[in-house]
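Asks: Dumping the structure here so I can ask a few things about it.
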Amino acid sequence: MPQALRILNTLMEEHLAAEKSDPVRETLTPQAIRAKLDLDLRATGIPFEDLKDELRGIMAVTPVTANKSFYNQLYGGRDPSAFTGEVMSTLLNTSMYTYKIGGVHVLIELALVKRMGEIMGFEDAEGTFLPGGSMSNLAGMVVALNNAIPGYKTNGPQGKIPRVYTSIEGHYSVPKAAGLLGVGQANCVKIAVDERGQMLPQALEAAIVQDLKDGLTPAMINATTGTTVLGAFDQIAPISAIARKHNVWLHIDAAYGGSFVFHPELKAHFKDAGLADSITWDAHKVMGVPLTCSVILVKKKGLLTQAMSQSASYLFQRGTDEYNPGTRNLQCGRRNSALKLWCAWRVHGDQGYTKRTQAMRNNALTAQECIQDSKQLKLIRVPESINICFEAPGVDTDDLLDAMLSDGDAMIGHAQVDGRTVVRLVLLNPEVSPSDIRVLFATLSAKAEALAKG
Ligand code: ABU
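Residue 326 in my numbering sits at position 325 of the sequence shown; the count goes up by one each step and never skips.
Now the structure itself:
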C-alpha cells in the first residue's frame, strides 16, 4: 500500500496542475485514443510502478470536468471534503448490505436519510442510496407499482395494466424504468407542459380520468423539480391534489433540483414536497459530491423494504431490517455512497449549501443579463434555476460549441427546445464567478459574430 499512496499522491498532484494549465480538453476519437494508448489485457502483468506511466497516459486524454470551464453536464467542480469521504470509502471498502459489514456507515446513511427526508417534509422517511437518479426513480416506481397493485412483487400485474405519468420535459429514466419493470414504455404517458416547462395539471388529470374509463390502472405520477434541460419545477400542490383524488402514488424526481431546497427563493418549489410519496434526490449534482450519490426517500416507513426485500440466509443473519440496508435496496453488494455526502455536509452545514446555491443562481442571473445585452445571442427561456438555454440566431449551435471547445474556451452542451438545437449552459460549479460568466459570454458573442460572418 505505501507504493499505492505514493503513486496516487504523485498522479493527483500532476492532475490538479494539469487541470489548471490545460483546462478544456477535447474528447479524442476512439481511434486516436487507441493509437496513443495500449489498452489491451494480457496473460502477463506489468510491474506496479509501470502503472504510473500508464495512468498518466490515461489521465492526459481524459475530459476535464472539475474546473471552471466545464458547463456541459449536471455536475461539476470538486468538493475537497466530499472527495476525502469518497477516497475514505474506497479505503474502508464496506459493502452496504448489512450492519455486520457496514457498521457505523449504516448509521451515517440512516442519519442522511432522516435529515434529507425531514428537509423535504417527510417526518420519518425510509430511504436508501443508489447509483444515480435513474436508479432512484426506478426504485420509486417499484414501490408505486406494489402500492397500486397489491402483490405485484410476487404475482406481477395480475391482469392489470399499470400507467405512469410524467411530463414531456421529465427525465428519460422514467419511461426507461417503465420499460425495465414490465410496465411498458407505451404505458408511460407524457403530459404536456406550459411555456415555463411545468407539467400541465389539467392535462395530467384528463389523462388519468381517460385511463380509468379505459379500465387501466394509474400507478404513479412523476413530478419533476428541476427538469434536465430547462431546470423547471413542476407545481407540487395541484399535482398532489390530483394524485390524492385518484389515489395515485406521487413521486418527485428532484434528482437535479432537490438541492435548491437550500436556496432562499427556489426552496418555495419544495414547500409541498411533503405531500409526495417518494422523492429522488442526487447529491452528486448541485451538492457537488463525486459521482454517484443518489437517494430515494419514501414517506411511509416500511413500503420500500416491503417492495425490495428478499431473504438470503447467507447474508441477512443478524439484526433488524432497519440496520440491514440491503433489505431495502435494488443492489446486493453496494459501495458506500453515504460517507462522502456526510463529510461534505458536516463541513458545509445547511448554510454552506445555501451559499453554494446562491452563487449558482447569481451566475445564472448574470448569464441572463449577458445574453440580453448581447446582439449575437438570444435567450430561449428565462432561467427557472441555473440552466441557461440560448442560441445565436443564424449560427449553428454545434458549430458555436465546437469552436468554444476546440479553442479551449469551455465545454458546453446542447439540448432540444421548441424543436431546435440550442445551447444548454449549466452553472453548477460554485467557484465560477460573475466575472467568469461575463468573460465567457464575451467569448461566445465574439465567436457567434465571427461564425455568422462566415
Ligand atoms: N441525469 C443527468 C442528466 C445528464 C445531463 O443532462 O447532464
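Cβ coordinates follow ideal geometry from the N, Cα and C atoms, glycine included.
1. Which residues have a Cβ closer than 5 Å to any heavy atom of ligand 1, listed in chain order?
2. Counting beta carbon pairs with one atom in the region 357-368 and one in the region 426-433, are three or more of them shorter than 8 Å?
3. Counting along the chain, where does the beta strand (DSSP E) carrying R7 start and finish?
4. Counting beta carbon pairs with one atom in the region 370-378 and one in the region 429-443, are three or more of them shorter than 8 Å?
5. Please state whether DSSP places P163 in a helix, a strand or coil.
6. With respect to the alpha helix (DSSP H) encompassing H106, which residues constitute its N-terminal and C-terminal limits?
7. Across the region 140-152 and the region 221-237, are there enough close Cβ pairs to call them in contact, namely three or more that are closer than 8 Å?
8. Does the contact criterion of 3 or more C-beta pairs under 8 Å hold for the region 346-355 versus the region 245-255?
9. Taking only three categories from DSSP, how would you classify F130?
10. Please state whether DSSP places C344 in a helix, a strand or coil.
11. Three Cβ pairs or more, each shorter than 8 Å: is that satisfied between the region 48-66 and the region 313-320?
12. On the CB-based measure, 16 or more other CB atoms within 10 Å of its CB, does C189 come out buried or exposed?
13. Take A404 as the anchor and find which of S446, K101, P384 and R197 has the nearest alpha-carbon.
14. Could you check if D195 belongs to the surroundings of ligand 2, using beta carbon to heavy atom distance under 7 Å?
15. Does the beta carbon of T355 come closer than 8 Å to any beta carbon on chain D?
16. What are the start and end residues of the alpha helix (DSSP H) that includes M200?
17. In angstroms with no decimal places, state the Cα-to-Cα distance between R79 and V296.
18. Can you give the Cα-Cα distance for M200 and L93, rounded to whole angstroms?
19. Under DSSP, the beta strand (DSSP E) around F317 begins and ends at which residues?
20. Is Y76 helix, strand or coil when you go by DSSP?
21. Under three-state DSSP, which class holds A238?
22. Starting from D278, trace the alpha helix (DSSP H) both ways and give me its first and last residue.
23. If you compare alpha carbons, which of F271, V433, K115 and C294 is closest to H285?
24. Just the Cα atoms here: how many angstroms apart are P291 and D41?
25. Just checking my contact of M121 with L298 at CB under 8 Å: how many whole Å lie between their CB atoms?
26. Between the region 328-337 and the region 120-139, do at least 3 Cβ pairs fall closer than 8 Å?
27. Assuming T95 contacts G103 under a Cβ cut-off of 8 Å, what Cβ separation, rounded to an integer in Å, is found between them?
28. Leaving out five residues before and five after K161 in sequence, what residues of the same chain have Cβ atoms less than 7 Å from its Cβ?
Replies: Here's the rundown:
1. Those satisfying the condition are, in chain order, Q74, L75 and T229.
2. yes
3. As a first step, residue 7 must be located in the sequence shown, where it is residue number 6. From DSSP, R7 is part of no beta strand (DSSP E) but of the alpha helix (DSSP H) over P3 to S22.
4. Enough Cβ pairs lie closer than 8 Å, so yes.
5. For the purposes of this step, residue 163 is taken as residue 162 along the sequence shown, with counting starting at 1. P163: strand per DSSP, three-state reduction.
6. Counting from 1 along the sequence shown, the entry for residue 106 is found at position 105. Counting along the chain, the alpha helix (DSSP H) containing H106 begins and ends at V105 to M121.
7. Taking 8 Å as the limit for Cβ pairs, the verdict is that the region 221-237 does touch the region 140-152.
8. no
9. Stepping through the sequence shown from its first residue, residue 130 is reached at position 129. Of the three classes helix, strand and coil, the one that applies to F130 here is strand, per DSSP.
10. Along the sequence shown, read from residue 1 onward, the residue named residue 344 stands at position 343. DSSP places C344 in helix when its eight states are reduced to three.
11. no
12. The residue given as residue 189 occupies position 188 in the sequence shown. Answer is buried; the Cβ neighbour count reaches 16.
13. Position 403 of the sequence shown, counted from the start, is the residue given in the question as residue 404. The shortest CA-to-CA distance from A404 to any of S446, K101, P384 and R197 is the one to S446.
14. What this structure holds is ligand 1, not ligand 2.
15. Here chain D cannot be found, since the structure has a single protein chain.
16. Counted from its first residue, the sequence shown places residue 200 at position 199. Looking at the DSSP string, M200 is not in any alpha helix (DSSP H), and its letter there is neither H nor E.
17. Taking the first residue of the sequence shown as 1, we reach residue 79 at position 78. Taking the first residue of the sequence shown as 1, we reach residue 296 at position 295. When rounded, the distance between both Cα atoms is 20 Å.
18. Stepping through the sequence shown from its first residue, residue 200 is reached at position 199. Stepping through the sequence shown from its first residue, residue 93 is reached at position 92. Rounded to the nearest angstrom, the two C-alpha atoms are 44 Å apart.
19. For the purposes of this step, residue 317 is taken as residue 316 along the sequence shown, with counting starting at 1. Segment: none, F317 is in no beta strand (DSSP E) and carries neither H nor E.
20. Along the sequence shown, one-based indexing puts residue 76 at 75. Looking at Y76 - three-state DSSP - the assignment turns out to be coil, as it is neither helix nor strand.
21. Numbered from 1 along the sequence shown, position 237 holds the residue referred to as residue 238. The answer is helix: DSSP assigns A238 an H, G or I state.
22. Here residue 278 refers to the residue found at position 277 when the sequence shown is read from its first residue. Where D278 is concerned, there is no enclosing alpha helix (DSSP H), given that its DSSP letter is neither H nor E.
23. On the sequence shown, residue 285 is found 284 positions in, with the first residue counted as 1. It is C294 whose Cα lies nearest to the Cα of H285.
24. In the sequence shown, counting from the first residue as 1, residue 291 sits at position 290. In the sequence shown, counting from the first residue as 1, residue 41 sits at position 40. Looking at the two C-alpha atoms, the distance is approximately 28 Å.
25. In the sequence shown, counting from the first residue as 1, residue 121 sits at position 120. In the sequence shown, counting from the first residue as 1, residue 298 sits at position 297. About 6 Å; that satisfies the 8 Å criterion.
26. yes
27. Against the sequence shown, residue 95 aligns to sequence position 94. Against the sequence shown, residue 103 aligns to sequence position 102. Their Cβ separation, rounded to whole angstroms, is 5 Å, which keeps T95 and G103 in contact under 8 Å.
28. Within the sequence shown, the letter at position 160 stands for residue 161. Closer than 7 Å at the Cβ level, and outside the excluded window around K161, lie I150 and T218.
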